[in-house]
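Heads up: the structure comes next, in structure tokens.
In the working numbering, the protein residues as written are 7 to 201.
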């Protein structure tokens, strides 16, 4: 099974997706890019490699060789699970939410603001309480997911429609992987900067 990685620059901007070709992360790591790129990874300097799967280690490193779609990386610091969970992308989608905790009834519209592997921020006209649990339909995955989320806080914004941060709760492994794939795909589809 291929081990897919998202390659980010040191500031967290997505550069490419790659497949780990080394048996595991050791003194030298080899990656194969999944698409052609004009990026010069040798000039970029330090990169972050975030593994898609739970069993894939994430790390910082420096590209020491680039030959076509192949990269050789000298690993630096290992990154914990939070690197994957904190990977946050700005995204704009329209969807709906449903109440779980019973503070209100019916279906309400939401507009996505950003998405991470651990949660979502969205705009809604519906007043929500911190700690409230709602189900949202996440339409940016291969098939839409109905996910339970807990409202963490209301965020400051210039938008007249309130913005809320929420954390996914009670995710099964398949849902986690599906969200992660969506985050990776959206991140890589963004325009890339040139070095």
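Beta carbons: idealized from backbone N, C-alpha and C, even for Gly.
Here's the rule: buried if 16 or more other CB atoms are within 10 angstroms of the residue's CB, otherwise exposed. What is residue 84? exposed
Could you tell me the distance, in whole angstroms, from the CA atom of residue 78 to the CA atom of residue 66? Their Cα atoms are separated by approximately 13 Å.
Between 124, 173, 156, 20, which lies nearest to residue 185 when the distance is taken from Cα to Cα? Ranking the options by Cα distance to residue 185, first place goes to 124.
By a C-beta neighbour count over all protein chains shown, 10 Å radius and 16 as the cutoff for buried, is residue 2 buried or exposed? Only positions 7 to 201 of the chain appear in the structure, and residue 2 is not among them; the question remains open.
Going by C-alpha to C-alpha distance, which of 62, 128, 108 sits closest to residue 12? 62
With a Cβ-Cβ cutoff of 8 Å, do residue 76 and residue 34 count as a contact? no
Is residue 136 buried or exposed, if buried means 16 or more other CB atoms sit within 10 Å of its CB? exposed
To the nearest angstrom, how far is the alpha carbon of residue 54 from that of residue 86? 12 Å
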